[in-house]
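Student: All the letters of the sequence shown, read from the start, carry residue numbers 830 to 905 under this note's numbering.
Even for Gly, the Cβ is constructed at its ideal location relative to N, Cα and C.
Can you read through this structure? Questions will come right after.
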Amino acid sequence: MKNLKKYRCEAALCLIAALAGFLSVFNIWNEGYSNEFYAASVKSMTLSLKNFFFVSLDPGGWVTVDKPPVSLWLQA
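Right under this line is the structure:
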């Protein structure tokens, strides 16, 4: 009985994660860049390893972004 309940919880969690993933990428091509500031920082992060770790906005690596870098690391 516990295995069935555990299976239902895991299946529900997987379904919620799949639905959230689908809704986050649904119609993403028509949205464009919702915020050019963070889009530019992600582009700069792909140019050098220093910019990647410090989430620098400019190519020189002097101006950093005010957000925690983990969400932007996923985009880069």
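(1) Tell me, please, which residues DSSP counts as bridged to Thr-875.
(2) Taking the beta carbon of Asn-832 as the centre, do at least 16 other beta carbons fall within 10 Å, making it buried, or is it exposed?
(3) What does the Cβ neighbour count give for Asn-864, buried or exposed, with the cut at 16 atoms within 10 Å?
(4) Which same chain residues, not among the five before or five after Phe-883, have their C-beta less than 6 Å away from its C-beta?
(5) Restricting to Cα atoms, I'd like to know which of Leu-903, Ala-869, Gln-904, Leu-852 is closest to Gly-890.
Tutor: From the atom records:
(1) As a working mapping, residue 875 is identified with position 46 in the sequence shown. Its beta-bridge partners do not exist; DSSP assigns none.
(2) The residue given as residue 832 occupies position 3 in the sequence shown. Flag for Asn-832 reads exposed.
(3) Counting from one through the sequence shown, the residue named residue 864 turns up at place 35. With fewer than 16 Cβ atoms within 10 Å of its Cβ, Asn-864 is classed as exposed.
(4) Against the sequence shown, residue 883 aligns to sequence position 54. In chain order, Thr-893 place their CB closer than 6 Å to the CB of Phe-883, counting only its own chain and leaving out the 5 sequence neighbours on each side.
(5) Here residue 890 is taken as the residue at index 61 of the sequence shown, counted from 1. Selected option, being the one with the closest Cα: Ala-869.
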